[in-house]
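Heads up, the thing below is written out as structure tokens.
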Amino acid sequence: MATCDFCGRVEDDEAKTLSWTTAVERGRKRVYCDECSRTHLRAMEGKLDSEWW
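Encoded structure:
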């Protein structure tokens, strides 16, 4: 089971989480669903912490 750290979406099927994004912010692993990943792609590539999105 995975939970998006941005929107809170929960996915039980691990196969559906293959398109999710992972990041490390301040030493903590963060997971983002495919929708949040697409929406905030530029901020992620710019290495901005999710609090800035």
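Using the UniProt record's numbering, the first residue of the sequence shown is number 1, and each one after it goes up by one. Glycine is no exception: its CB is placed at the ideal position from the N, C-alpha and C atoms.
Listed in chain order, the non-local C-beta contacts of C4 below 7 Å within the same chain comprise V31, Y32, C33 and C36, local neighbours out to five positions each way being set aside. In the DSSP assignment, no residue is bridged to K47. For T39, the enclosing alpha helix (DSSP H) has its first and last residue at D34 to T39.
When the alpha-carbon of F6 is set against those of A15, D12, K16 and A23, the nearest one is in A23.
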